[in-house]
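Residue numbers (our numbering): 1028 to 1309. Yeah, the Cβ is synthetic: ideal placement off N, Cα and C, and Gly gets one too. Given the structure is predicted, the values throughout are model-derived calculations rather than measurements. Scroll down for the structure; my scribbles are underneath it.
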């Protein structure tokens, strides 16, 4: 998460702990509609420290003029990886009386990114100072209750130009395997499974109550509740999920909110070598 204020020191310290252990860090854009520093500014600060960023861009707060302006600015600053999102509803966040924009949603944002990469704007007018070169990704929820809707949404995002996918929090890896086999397998688009660090039974129950579409199994909640050290048990659970994902999809998107420092430990327990070592072996 970008800082909530003007001091980025904590975010940069967390980023340094991940350097050499991950290929990139995902930088949120007003996740859960909570106001924080802009994702492109936070992404630039991280990349200046040698940490590759995936810059989220959400449609909730900006119209198509502002979205294009930010994307051109991101490109000029050397940012290349963009995760196109619709954005969480304003009422979920810390400014519930703010006005939503939603001029576009994620599929139309992907189409806009494709146009900018071809050198035209949203009205098909030439970009007189050069085309962009952005690597566009999208979110997907393999645990969606509507299988046909999931398939249509995935295909629409691929058609709109998505080059990679990050999934929502995964708890059902059988469902993820079915999605990879029956939906994603024919499209040659990498899918990163969303894995969330659960810190306690209370944390798991909170997520079950407040995050739509997520159902953390009761067995997992009970395991956390019975643990002498719930946080370390959460690390162990996340590591087991990393191991499961390695057999199913192309990567993982680890979410360790406010405890990004534990991600190297999760990767170690999950059997994932440092990025530098993996590159050296090739």
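Among the options, the one whose alpha carbon lies nearest that of residue i
| i | options | result |
| --- | --- | --- |
| residue 1029 | 1135, 1091, 1072 and 1096 | 1072 |
| residue 1063 | 1121, 1187 and 1047 | 1121 |
| residue 1037 | 1111, 1245 and 1285 | 1285 |
| residue 1140 | 1119, 1033 and 1163 | 1163 |
For residue j and residue i, believed in contact at Cβ under 8 Å, the rounded distance
| i | j | result |
| --- | --- | --- |
| residue 1084 | residue 1056 | 6 Å |
| residue 1325 | residue 1160 | Because the chain here runs from 1028 to 1309, residue 1325 falls outside it and cannot be looked at. |
| residue 1158 | residue 1143 | 7 Å |
| residue 1302 | residue 1047 | 6 Å |
| residue 1188 | residue 1282 | Actually they do not touch by this definition, with Cβ atoms about 25 Å apart. |
Sequence-distant residues of its chain with Cβ nearer than 8 Å to residue i (five each side left out)
| i | result |
| --- | --- |
| residue 1068 | 1029 |
| residue 1262 | 1224, 1289, 1292, 1293 and 1296 |
| residue 1240 | 1168, 1170, 1171, 1172 and 1195 |
| residue 1244 | 1198 |
| residue 1094 | 1084, 1086, 1130, 1131, 1136 and 1139 |
Same chain only: Cβ atoms within 6 Å of residue i, ignoring 5 sequence neighbours per side
| i | result |
| --- | --- |
| residue 1125 | 1117 |
| residue 1288 | 1044 |
| residue 1307 | Per-residue confidence for residue 1307 stands at a pLDDT of 45, beneath the threshold of 50, marking its modelled position as unreliable; no derived number is given. |
| residue 1193 | 1166, 1219 and 1280 |
| residue 1228 | 1248, 1251 and 1252 |
| residue 1108 | 1081 and 1162 |
Nonlocal neighbours in the same chain, by C-beta distance under 7 Å from residue i, ignoring five residues either side
| i | result |
| --- | --- |
| residue 1300 | none |
| residue 1278 | 1217 and 1219 |
| residue 1145 | 1158 |
| residue 1099 | 1159 |
Per-residue burial, residue i [other beta carbons within 10 Å of its own, 16 or more giving buried]
| i | result |
| --- | --- |
| residue 1293 | buried |
| residue 1260 | buried |
| residue 1092 | exposed |
| residue 1310 | What is shown of the chain runs 1028 to 1309, which leaves residue 1310 out entirely. |
| residue 1230 | buried |
| residue 1127 | exposed |
| residue 1070 | buried |
Heavy atom of the ligand HEM within 7 Å of residue i beta-carbon
| i | result |
| --- | --- |
| residue 1286 | The model depicted lacks the ligand HEM and carries no ligand whatsoever. |
Which ranges would you report for the beta strand (DSSP E) in the segment 1169 to 1211 if only whole runs of at least 3 residues count? 1191 to 1196
Can you give, in chain order, each stretch of the alpha helix (DSSP H) that sits fully within the segment 1043 to 1068 and has at least 4 residues? You should have found no qualifying run.
Scan the segment 1131 to 1163 and note each continuous beta strand (DSSP E) run of 3 residues or more that stays entirely inside, going in chain order. none
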